[in-house]
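Numbering (the numbering used here), first residue to last: 1272 to 1482.
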């Protein structure tokens, strides 16, 4: 029997945000799996990248696949940088570079931890979010591109499959609010998780999954 474990943040731990009676992501993953497969939620709403290592202490002994969605809350913690004033473009780039370097260090340590058990691991990009203010959305997309570059580089450097949530949650109703997935978005995410795990697509090489 195979057992998928979801690690990370509220992309997976979205039960608080879906409408009453609608399933969360882990329930949607379970519905997509063969009868003898299981799925467990270890992700925690509000977690940042550094918190994932703590979540690993709670994975079941029979875990067979790990799927990680982390980094979005790291981005939220740094949103203030996007609103700071600057005297030059060089100053802006210096601030963004500092954010990138700090995130790269955290993310690298996290991936070291999730790959240590030597189980198949898939990483997720940070999706684009859906802020109602076009100006805020533009700033968010610019900032997230920097963090997603870190994630894609780690995935490809380690030959890990990458689930590109930017291309999966690509419609406004995929979001329950600007930063959390709705049941519709969750269903799309769950479908790709099942494809990655059940479809025997976790190999020692990088593949990108978008739908």
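Virtual Cβ for every residue (Gly too), placed ideally from N, Cα, C.
CA nearest to the CA of residue i, picked from the options
i            : options                : result
residue 1444 : 1388, 1383, 1282, 1454 : 1454
residue 1458 : 1470, 1440, 1469       : 1440
residue 1275 : 1388, 1331, 1295       : 1331
residue 1427 : 1478, 1466, 1385       : 1478
residue 1388 : 1360, 1370, 1376, 1334 : 1334
residue 1341 : 1398, 1364, 1370       : 1398
residue 1403 : 1352, 1447, 1285       : 1447
residue 1416 : 1359, 1405, 1370, 1442 : 1370
residue 1289 : 1462, 1468, 1456       : 1456
residue 1284 : 1350, 1390, 1291, 1313 : 1313
residue 1349 : 1414, 1291, 1406, 1423 : 1414
residue 1442 : 1361, 1400, 1423, 1405 : 1400
Proximity of residue i and residue j at Cβ, strictly below 8 Å
i            : j            : result
residue 1325 : residue 1272 : no
residue 1392 : residue 1337 : yes
residue 1296 : residue 1449 : no
residue 1480 : residue 1421 : no
residue 1319 : residue 1344 : yes
residue 1395 : residue 1339 : yes
residue 1281 : residue 1316 : yes
residue 1368 : residue 1321 : no
residue 1278 : residue 1323 : yes
residue 1467 : residue 1432 : yes
For residue i, three-class secondary structure by DSSP
i            : result
residue 1284 : coil
residue 1292 : coil
residue 1399 : coil
residue 1411 : helix
residue 1339 : strand
residue 1450 : coil
residue 1464 : helix
residue 1390 : coil
residue 1277 : strand
residue 1330 : coil
residue 1347 : helix
residue 1474 : A caution first: residue 1474 carries a pLDDT of 49, below 50, which makes its placement in the model too unreliable to give a value.
residue 1319 : coil
residue 1445 : helix
residue 1483 : The shown model of the chain, from 1272 to 1482, leaves out residue 1483, and the question about it has no answer.
residue 1433 : strand
Anticipated Cβ contact below 8 Å, residue i with residue j, distance rounded
i            : j            : result
residue 1385 : residue 1347 : Not a contact, Cβ separation roughly 21 Å.
residue 1464 : residue 1436 : Not confirmed; about 11 Å, so no contact.
Check: residue i C-beta below 7 Å from any heavy atom of the ligand GTP
i            : result
residue 1301 : As for the ligand GTP, it is missing from this structure, which has no ligand bound.
Worksheet item: Hey, is the stretch 1402–1413 in contact with the stretch 1296–1305, meaning 3+ C-beta pairs nearer than 8 Å?
Response: no
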